[in-house]
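K.L.:
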Ligand SMILES: C=C(O[C@H]1C=CC=C(C(=O)O)[C@@H]1O)C(=O)O
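Residue numbers (full-length UniProt numbering): 1 to 402.
1. Is residue 309 helix, strand or coil when you go by DSSP?
2. Mapping the DSSP letters down to three states, classify residue 187 as helix, strand or coil.
3. Is DSSP giving residue 383 helix, strand or coil here?
4. Rounding to the nearest angstrom, what Cα-Cα distance links residue 395 and residue 386 in this structure?
5. If you count every other CB in all the chains shown that lies within 10 Å of the CB of residue 366, and 16 or more means buried, which is it?
6. Between the segment 329–349 and the segment 194–214, can you find at least three pairs of beta-carbon atoms closer than 8 Å?
7. Taking the alpha-carbon of residue 86 as reference, which of 95, 44, 94, 64 has the nearest alpha-carbon?
8. Residues near ligand 1, CB to any non-hydrogen atom under 6 Å, in chain order?
9. Please state whether DSSP places residue 130 in a helix, a strand or coil.
10. Are the segment 282–297 and the segment 323–342 in contact at 8 Å, needing three or more beta carbon pairs?
11. So, using beta-carbon positions, are residue 69 and residue 118 closer together than 8 Å?
12. Quick one: which unbroken beta strand (DSSP E) runs of 3-plus residues sit fully inside the segment 320–392? Chain order, please.
13. Who are the Cβ neighbours of residue 253 in its own chain at under 7 Å, not counting the five residues just before and after it?
14. Just the Cα atoms here: how many angstroms apart are residue 259 and residue 113?
15. Any contact between the segment 346–363 and the segment 148–158? By contact I mean 3 or more CB pairs, one from each, below 8 Å.
16. So, with DSSP's three-state summary, where would you put residue 274?
17. Starting from the C-beta of residue 40, find all residues in its chain whose C-beta is less than 7 Å away, skip the five residues before and the five after it, and write them out in chain order.
18. Can you check DSSP and say which residues form a bridge with residue 287?
19. Using the C-alpha atoms, what's the distance from residue 76 back to residue 60?
20. Are residue 242 and residue 278 closer than 8 Å when you measure CB to CB?
21. Drop a sphere of 10 angstroms on the beta-carbon of residue 271, count the other beta-carbons inside from all chains shown, and report buried for 16 or more, exposed for fewer.
22. Whole angstroms is fine: what's the gap from residue 185's alpha carbon to residue 193's?
23. Please go through the same chain and pick out, in chain order, the residues whose beta-carbon is closer than 8 Å to the beta-carbon of residue 47, but skip the five residues on each side of it.
24. Looking only at its chain, what residues have a beta carbon closer than 6 Å to the beta carbon of residue 311, apart from the 5 residues adjacent to it on each side?
25. Measuring alpha carbon to alpha carbon, tell me which residue in 36, 245, 238, 232 is nearest residue 273.
26. Please go through the same chain and pick out, in chain order, the residues whose beta-carbon is closer than 6 Å to the beta-carbon of residue 174, but skip the five residues on each side of it.
27. Ligand 3 and residue 213: does the residue's C-beta get closer than 7 Å to at least one heavy atom of that ligand?
28. Rounded to whole angstroms, what's the CA-CA distance from residue 201 to residue 126? Just pull it up for me.
29. Span of the beta strand (DSSP E) holding residue 148?
30. Would you kindly report the start and end of the unbroken alpha helix (DSSP H) that includes residue 251?
31. Applying the criterion that 16 or more other CB atoms from any shown protein chain within 10 Å of the CB defines a buried residue, is residue 333 buried or exposed?
32. Could you name the residues that DSSP lists as bridge partners for residue 61?
Structural data, given as structure tokens:
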């Protein structure tokens, strides 16, 4: 972020202060580098197709600047599907601090909150249908019709969620990731919040410096330290996971090349740990050719990567549409912010839920390649759902949902 932003527009709070001041209706985005707390909506971007989104966002930021806003920032979420409406806005007030929004007072080892068990749990698709869809995907991949597809599932819980408490716990447990709570347009039932803790940076741009950190290839963690290490080492050597990962890292690098030079991809991926999962990750760096290409424009050029859709993308998207059985909405899209210079950070919208007044819908997916095992892929999605369920104090929901 532009250093001038520290000067006037944004106050000098600590990231922990900002997280502590979050209340339902505000918007917070936190990365390892920056935390932004926004309130009010000065202007909301009108619905746009994916191709027109970045241009319209830049133009709204220019208008805000012309109207006297010294350093406007746009924040919000873009859905998985290019033709579904994004929710991006310029807030009335933004406070920004350096560093992630982990609350020192919130101990990651502390017992989870005592939550009331949901009145109903709806799993779409249920386990048997999810596993059949994986088996069908594997067959298509083996016959050469697809290389990879990401199949996901959703879990809708009828329950009331304390969004501020949930955000504080997510921030405390995922300080290395991207924690967010985006106030969405309310529906007939009231306020809706997109909340989560994603481990995956789609793209950041600061001046000419561009960074992406694609993840793909995963295994759930174990409470047993020895077993946990064994799983991590297996993942690093798994041919299936290395192939699944390479499809994403190569595609990210190829998508940057028309706009960037010095695109660097590590020769081998490294291990990335979240409290519930091990992942393979590659930090891709590049230098931007055209200063006019904003972080959102670049992010949209990458989206959807094979970490959330598949390869080839159009075929994977139509297979997802055929078999998943629910609307992904903002899940597997992007979430983040951008300033009027085009600098910004966009994370992949993962390990998240859309929370309404009386229900929450959680999402998780897994990348399917030729070597995928349907039951292991289902267990992988359960591991990913644990990020949200553990912070909600509702891990027991997984047994019920299976
Ligand atoms: C689709 C998800 O994860 C993606 C990101 C990291 C690893 C993934 C995997 O190994 O399948 C997925 O591609 C999710 O968390 O719901």
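Note that beta-carbon positions come from the ideal geometry of N, C-alpha and C, so glycine has one too.
P.N.:
A quick look at the data gives this:
1. On the chain shown, residue 309 is found 309 positions in, with the first residue counted as 1. Reduced to three states, the DSSP call for residue 309 is coil.
2. Numbered from its first residue, the chain shown carries residue 187 at position 187. Correct three-state label for residue 187: strand.
3. Walking along the chain shown from the start, residue 383 turns up at place 383. Of the three classes helix, strand and coil, the one that applies to residue 383 here is helix, per DSSP.
4. Position 395 of the chain shown, counting from 1, holds the residue named residue 395. Position 386 of the chain shown, counting from 1, holds the residue named residue 386. C-alpha separation (whole angstroms): 6 Å.
5. Walking along the chain shown from the start, residue 366 turns up at place 366. The residue in question, residue 366, is buried, as its Cβ has 16 or more Cβ neighbours within 10 Å.
6. Between the segment 194–214 and the segment 329–349 there are three or more C-beta pairs closer than 8 Å, enough to call the two in contact.
7. The count along the chain shown starts at 1 and reaches residue 86 at position 86. Selected option, being the one with the closest Cα: 44.
8. 150, 152, 200, 215, 216, 217, 218, 279, 307, 308, 350, 351, 364, 365, 366, 367, 384
9. Your numbering for residue 130 matches position 130 in the chain shown. Of the three classes helix, strand and coil, the one that applies to residue 130 here is helix, per DSSP.
10. By the criterion of at least three beta-carbon pairs nearer than 8 Å, the segment 282–297 is in contact with the segment 323–342.
11. Here the question's residue 69 lines up with position 69 in the chain shown. Here the question's residue 118 lines up with position 118 in the chain shown. Not closer than 8 Å, so no.
12. 334–339, 344–348, 352–355, 359–368
13. Your numbering for residue 253 matches position 253 in the chain shown. Same-chain partners within the cutoff: 263, 265, 284.
14. Within the chain shown, numbered from 1, the residue matching residue 259 stands at position 259. Within the chain shown, numbered from 1, the residue matching residue 113 stands at position 113. Each residue's alpha carbon lies about 46 Å from the other.
15. yes
16. Here the question's residue 274 lines up with position 274 in the chain shown. Residue state, collapsed to three classes: coil.
17. Taking the chain shown and counting its residues from 1, the one referred to as residue 40 is at position 40. Excluding sequence neighbours, residue 40 sits near 91, 92, 93.
18. Within the chain shown, the letter at position 287 stands for residue 287. The partner list for residue 287 (beta bridge, DSSP) reads 209, 261.
19. As a working note, residue 60 is residue 60 in the chain shown. As a working note, residue 76 is residue 76 in the chain shown. In a straight line, the C-alpha of residue 60 is about 14 Å away from that of residue 76.
20. Counted from its first residue, the chain shown places residue 242 at position 242. Counted from its first residue, the chain shown places residue 278 at position 278. For residue 242 and residue 278, no; Cβs fall outside 8 Å.
21. Position 271 of the chain shown, counted from the start, is the residue given in the question as residue 271. Residue 271 comes out exposed.
22. Sequence index remark: in the chain shown, residue 185 carries index 185 (1-based). Sequence index remark: in the chain shown, residue 193 carries index 193 (1-based). Each residue's Cα considered, the two are about 9 Å apart.
23. Here residue 47 refers to the residue found at position 47 of the chain shown. Counting only Cβ-Cβ distances below 8 Å, and skipping sequence neighbours, we find 85, 86.
24. In the chain shown, residue 311 corresponds to position 311, counting from 1. Only 147, 148, 247 meet the Cβ criterion.
25. As a working mapping, residue 273 is identified with position 273 in the chain shown. Closest option to residue 273, Cα to Cα, is 232.
26. Along the chain shown, read from residue 1 onward, the residue named residue 174 stands at position 174. Within the same chain, residue 174 has close Cβ partners 197.
27. For ligand 3, the structure offers nothing, since it holds only ligand 1.
28. Taking the chain shown and counting its residues from 1, the one referred to as residue 201 is at position 201. Taking the chain shown and counting its residues from 1, the one referred to as residue 126 is at position 126. So the two alpha carbons sit approximately 29 Å from each other.
29. For the purposes of this step, residue 148 is taken as residue 148 along the chain shown, with counting starting at 1. Looking at the DSSP string, the run of the beta strand (DSSP E) that includes residue 148 is 148–158.
30. On the chain shown, residue 251 is found 251 positions in, with the first residue counted as 1. Taken as a continuous stretch (DSSP letters only), the alpha helix (DSSP H) holding residue 251 covers 239–256.
31. In the chain shown, residue 333 corresponds to position 333, counting from 1. The residue is buried, with at least 16 neighbouring Cβ atoms inside 10 Å.
32. Numbered from 1 along the chain shown, position 61 holds the residue referred to as residue 61. DSSP, once it has assigned bridges, lists no residue as partnering residue 61.
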